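In the working numbering, the protein residues as written are 68 to 277. Heads up, the beta-carbon is just placed ideally off N, CA and C, and yes, glycines get one too. The structure presented is a predicted model; accordingly, all values stated were derived computationally and were not measured.
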Ligand SMILES: C[S@@+](CC[C@H](N)C(=O)[O-])C[C@H]1O[C@@H](n2cnc3c(N)ncnc32)[C@H](O)[C@@H]1O
C-alpha cells in the first residue's frame, strides 16, 4: 500500500460511525452557490476525493445524482454509512484521481481540498482523467489550500523534485501536499478553461473550470 493511501486510511480508521455526529461536518461553503449557478437540476455529479462525504451529502440533499470516489476505503465506508443513515442515494467507489472507476459523463465534478494531496506530476496526469469523465458542457469546482499551509511542520517533510511536500515523520507522515502557486493552478487546468479564479478569506483558491 502506498504511504499516502496508508495515511488517509489511518484518518478514517479513527471515525466511530455509530457515535459520529455527521451534522457537524458542513459542506464546503461555496458549494451551494456553485450548484445554483453552474449545475442543472438532477445533474450527475462526481465528488472526487469525497472523504467522509460532507459535500456528497449536500449534493444528494439537493437532488443531484451523486457519485464519489476516494483513495481510502475507509472514506468510502463512511460515505455509504452516512447515506444509509440519512436515507440518501449515491454511488461510492474506491479509486484515485488518475484512475476514476466510472465511464459516465458528469455534468459537475467537485474536488474540494483534495487534488493538492498528490504530486504536481500526478495532478497533471489526473486532469486528463477528470476531463475524460466530464460531459461536454460539464463544470468543475476545485479548491487548493493556501500556499502557506503546514509551514509550521515543514521540517517533517521532504521536498520532492516537483516541489511537493512528502511528510516523512510526525502526525501527517505519509501525506503528500503540493503548495500550489496560482500560476501552477492555471497551467494545470489551462487558463482558457478557467471560468472563475477566486480567493476565500483564509487564502484558499477556488476555481471553476471547464
Ligand atoms: C482533505 S480531504 C478532503 C475531503 C473532502 N473533499 C472534503 O471536502 O471534506 C482529502 C481527501 O482526498 C483523498 N485523496 C488523497 N489522495 C487521493 C487520490 N490520489 N485519489 C483519490 N482521493 C485521494 C483522501 O483520502 C481524503 O479523503
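Bridge partners for residue 203 per DSSP, in chain order?
Taking the first residue of the chain shown as 1, we reach residue 203 at position 136. According to DSSP, residue 203 bridges with nothing at all.
Return yes when at least one heavy atom of ligand 1 lies under 6 Å from the C-beta of residue 139, else no.
Counting from 1 along the chain shown, the entry for residue 139 is found at position 72. Yes - ligand 1 has a heavy atom lying nearer than 6 Å to the Cβ of residue 139.
Assuming contact is defined by CB atoms lying nearer than 7 Å, are residue 78 and residue 116 in contact in what I supplied?
In the chain shown, the residue the question calls residue 78 occupies position 11. In the chain shown, the residue the question calls residue 116 occupies position 49. Against a cut-off of 7 Å, the Cβ pair of residue 116 and residue 78 comes out as no contact.
Shorter than 6 Å, the distance from the beta carbon of residue 175 to the closest heavy atom of ligand 1, or not?
Reading the chain shown from its first residue, position 108 is the one you call residue 175. No, ligand 1 has no heavy atom inside 6 Å of this Cβ.
Using only the alpha-carbon positions, how far apart do residue 163 and residue 197 sit?
One-based indexing of the chain shown puts residue 163 at position 96. One-based indexing of the chain shown puts residue 197 at position 130. Each residue's Cα considered, the two are about 10 Å apart.
So is the beta-carbon of residue 211 under 6 Å away from any non-hydrogen atom of ligand 1?
For the purposes of this step, residue 211 is taken as residue 144 along the chain shown, with counting starting at 1. The answer is no for residue 211.
Opening and closing residue of the beta strand (DSSP E) in which residue 224 lies:
Numbered from 1 along the chain shown, position 157 holds the residue referred to as residue 224. Here the beta strand (DSSP E) through residue 224 covers 224-226.
So, residue 141 versus residue 76, is the Cβ gap smaller than 7 Å?
Residue mapping note: residue 141 aligns to position 74 of the chain shown, counting from 1. Residue mapping note: residue 76 aligns to position 9 of the chain shown, counting from 1. Closer than 7 Å, so yes.
Do three or more CB pairs link the region 216-235 to the region 168-176 at distances below 8 Å?
no
From residue 189 to residue 275, what distance separates their C-alpha atoms?
In the chain shown, the residue the question calls residue 189 occupies position 122. In the chain shown, the residue the question calls residue 275 occupies position 208. Looking at the two C-alpha atoms, the distance is approximately 20 Å.
Does the beta-carbon of residue 29, which I'm using as the reference point, lie nearer than 6 Å to any heavy atom of ligand 1?
An answer regarding residue 29 cannot be provided, because it is not within the stretch 68 to 277 covered by the chain.
Compute the beta-carbon to beta-carbon distance between residue 201 and residue 194, rounded to the nearest angstrom, for a pair I have assumed lies under 8 Å.
Mapped onto the chain shown, residue 201 falls at position 134. Mapped onto the chain shown, residue 194 falls at position 127. With a Cβ gap of about 10 Å, residue 201 and residue 194 do not count as contacting.
For the putative contact between residue 89 and residue 149, defined by C-beta atoms under 8 Å, what is the C-beta separation to the nearest angstrom?
Here the question's residue 89 lines up with position 22 in the chain shown. Here the question's residue 149 lines up with position 82 in the chain shown. At roughly 5 Å, the Cβ-Cβ gap stays under 8 Å, so residue 89 and residue 149 are in contact.
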